[in-house]
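Colleague: Heads up: the sequence shown begins at 1 in full-length UniProt numbering, then just goes up one per residue. Just so it is clear, CB atoms sit at the ideal spot from N, CA and C, and this is done for glycine as well. For clarity, every value in this text was computed on a predicted model and none was experimentally measured.
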Amino acid sequence: MHFEGTYMLQVTVAKGREPVIIFLAVVAIGLAAAFYLYFVVDKYSLLYYWDAVSHSVAARKFVDWGENPGLGQIGTVWMPLPHFLLLPFTLINALFTTGFAGTALSLPCLGLTSVYLYKIIKSLKMPSIAVIPSFAAFAGAMLYATNPNIMYLGITSMTEAPFMLFFVASAYYFQSWYQNGNRLRDLILCSIFLSFATLTKYEAWFLPIFLIIVAAVFMIRSKSQSPNKQKIFAILASVLSLSNIVFWLVWNQYHYGDALEFSNAQYYSASWYAQNRPFREILFLQPANVLSIYGVTAFAMYGPLLLGAGILGYWIFRKANVSGKKLVLLFLALPPIFTITSLLIGIGEMSYWFNSRFMVLLSPLIIVIACIFLANTNNNNNIKEDRRRIIIIGAIGVLFASQLAMPAFFTIITMNDAIGGYSVKENLLAIDTGEALKSLYDGNGKIMILTGSGLEHRVMITSGIPLANFDEIIEHSTWKASFKEPWSHDRWVVITEKPGTDALSTTQYWLDRMAELETHYRTVYENEYYKILVLR
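(1) Run the CB neighbour count on K201, radius 10 Å, all protein chains shown included, and call it buried at 16 or more, exposed below.
(2) Apart from the five residues on each side of it in sequence, which residues of its chain come closer than 7 Å, Cβ to Cβ, to K498?
(3) From E67 to L143, what distance separates their C-alpha atoms?
(4) Suppose the cutoff is 7 Å on Cβ atoms and the five residues either side in sequence are ignored; what does the same chain contact list for H520 look like?
(5) Can at least three beta-carbon pairs, one atom from the segment 163 to 170 and one from the segment 115 to 123, be found at a separation below 8 Å?
(6) For the UniProt domain "Glycosyltransferase RgtA/B/C/D-like" (98 to 251), which segments carrying the alpha helix (DSSP H) assignment without a break, of at least 4 residues, lie completely within its bounds, in sequence order?
(7) Pick out whichever of P466, A333, I155, N416 has its Cα sitting closest to the Cα of S351.
(8) Quick check for students: name the residue ranges of the beta strand (DSSP E) that lie wholly in the segment 440 to 514, counting only runs of 3 or more.
(9) Nearest to N149 by alpha carbon, out of F354, N376, L344?
(10) Give a yes or no on whether the C-beta atoms belonging to S505 and E456 are separated by under 8 Å.
(11) Among T98, I22, L24, which has the Cα closest to the Cα of E435?
(12) Quick one: what's got a C-beta closer than 8 Å to A33's C-beta in the same chain, skipping five residues either side?
(13) Quick check on V534: does DSSP put it in helix, strand or coil?
(14) Cutting at 8 Å between CB atoms, please list the residues of its own chain near G75, excluding the five before and the five after it.
(15) Under the three-state reduction of DSSP, which class applies to Q10: helix, strand or coil?
(16) Taking 7 Å as the cut-off, does the CB of K231 come closer than this to any heavy atom belonging to the ligand MG?
(17) Among V493, S191, W205, which one has its Cα closest to the Cα of T341?
(18) Between which two residues does the beta strand (DSSP E) containing Y521 stretch?
(19) Helix, strand or coil, according to DSSP, for F354 in the structure here?
(20) Do you know how far the Cα of G445 is from the Cα of L334?
(21) Any beta-carbon of chain D closer than 8 Å to the one on F354?
(22) Please state whether the Cβ-Cβ distance between L467 and K61 is less than 8 Å.
(23) Which complete alpha helix (DSSP H) runs does the segment 13 to 53 hold, if anything under 4 residues is left out?
(24) How would you write the range of the alpha helix (DSSP H) that A309 sits in, first residue to last?
(25) Would you identify the three-state DSSP class for K425, choosing helix, strand or coil?
(26) In chain order, what residues of the same chain have a beta carbon less than 6 Å from the beta carbon of L533, not counting five sequence neighbours either side?
(27) Where do the ends of the alpha helix (DSSP H) carrying V360 lie?
(28) Under a Cβ-count criterion, where at least 16 other Cβ atoms within 10 Å of its own Cβ denotes burial, should R357 be classed as buried or exposed?
(29) I'd like the span of the alpha helix (DSSP H) that includes L91, first residue to last.
(30) One question on the structure: do V77 and S269 come within less than 8 Å of each other, judged by their Cβ atoms?
(31) E518: buried (16+ other C-beta within 10 angstroms of its C-beta) or exposed?
(32) Leaving out five residues on either side along the sequence, give the residues of the same chain with a beta carbon under 6 Å from the beta carbon of L87.
(33) Can you give the Cα-Cα distance for D51 and D186, rounded to whole angstroms?
(34) For Y529, name the three-state secondary structure that DSSP assigns.
(35) Just reading off the alpha helix (DSSP H) that N264 is part of, what are its end residues?
(36) Taking the alpha-carbon of L165 as reference, which of L105, F135, P208, N180 has the nearest alpha-carbon?
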């Protein structure tokens, strides 16, 4: 083993093939998982999450929508960057209708996130510990990507995979800037990736403030001979991380007249859902309940051995005498802290497997500190080298085996969460309706759809019909002439007896007037909840 000093061991990112191998291995494993789920398990398995369907539809609406395609479809609540990234893949109908559009975006993000995790681990500087060996960093990267819960998110249209890429990349450049002499390039790259993260998920919104404070304090206290102008540039570079938060506030103010529309939008915001569903009651200002649910979910996702290795790694890290040693770990911890805080103050929802995807935010922190434990074990000179090698190989093997075995006890909890929403009767019958519409629709005329946005997205993606051919009717659509007199505008009608919350009154309006509708339309398909009608 190579040492570069007795007390402080300089670590640099490996310039070999490890990052390429990691990326290609993750993509290969992910494709195998996606194809297995699609061809063997269920052709809709990549679309189990309701949000995965809605993200794909939202992305395609930028160019395939009848009323106001383009930037008007940015909307509010959901951040737009994942939809822009997803857009080109959703335009390929075979990818859009199967869920592979999400795989095409999320899987490369998962691979690159694993590469950046490898770089973070490999770049750690620790006194009295050997250079973090490549095998430990490699194991950490692959432990992240092959976690079945993370892998499932990494092959769907959910926004976790793009977010984790931007978040972990920003953490890597933050680490590089802080450890390697405050290079301005690293700080700029950190800010750029962080700005992307803040336009992907709100969990990143704590991080720019943290970065600006650290950069300002670091530059003010810096004993280097750098001119004040350079220090000012460094602080300004950190402020760049706020750019997309500012954009989002300005966009909401311009488009909705309220800069905070995303936080309180009726039917769609997290706070609205939290106040109108039962989960908030057991979480609001009840830290014991929050920590219990969060802890059990973490246990189910990562298993006792990886969590135990992480705890031991953190203990080793605390003992190491590194100036500012906690900053990188604190950076990695902020998104999970955001999640816990949102649950406590009543604007977030979680109930064990429900929203278990939030737990992916904890993974970089766990992986990094677990790899510190592996590296420290490898550096234990009280154990003979051959025995150390056997112990390390065994430890890594046990961690992988434990991780892959956890679903046997707890299922793949992110997939279980997705199946829970997918398997509700309204959704399954929406799929049947979409398949029927696909076979009935002749390309002639518009389709008025009265179901609520979540169910309508399921019908749309299942039917494969261009989105521009649909006439969406939700609570905010009563201004439309087609709502008042559909037969003058729409040749087809899809209506349900069990609409979503954002179409309750508009759907009920026409359910109460079904006799009038049937004087203009005839029913061509019907199941327990849905009807498809066509103009007589």
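Modeller: On the basis of the data shown:
(1) Buried is the call here.
(2) E426, Y529
(3) 45 Å
(4) W487, L535, R536
(5) yes
(6) 100 to 123, 134 to 146, 148 to 153, 160 to 179, 184 to 198, 206 to 221, 228 to 239
(7) N416
(8) 447 to 450, 470 to 472, 492 to 496
(9) F354
(10) no
(11) T98
(12) M151, Y152, I155
(13) strand
(14) A58
(15) Note that Q10 has pLDDT 35, beneath the 50 cutoff, so the model's placement of it is unreliable and the number below is only indicative. If DSSP states are grouped into helix, strand and coil, Q10 belongs with coil.
(16) The model depicted lacks the ligand MG and carries no ligand whatsoever.
(17) W205
(18) 521 to 526 is the extent of the beta strand (DSSP E) around Y521.
(19) strand
(20) 50 Å
(21) Looking for chain D here will not work: only one protein chain is present.
(22) yes
(23) 18 to 36
(24) 287 to 319
(25) Reduced to three states, the DSSP call for K425 is helix.
(26) V493, Y521, T523
(27) Where V360 is concerned, there is no enclosing alpha helix (DSSP H), given that its DSSP letter is neither H nor E.
(28) buried
(29) Here L91 belongs to no alpha helix (DSSP H), and DSSP marks it neither H nor E.
(30) The Cβ atoms of V77 and S269 lie closer than 8 Å to each other.
(31) Only exposed fits E518, as fewer than 16 other CB atoms lie within 10 angstroms of its CB.
(32) A59, F62
(33) Looking at the two C-alpha atoms, the distance is approximately 34 Å.
(34) coil
(35) 261 to 264 is the span of the alpha helix (DSSP H), which, as asked, contains N264.
(36) L105
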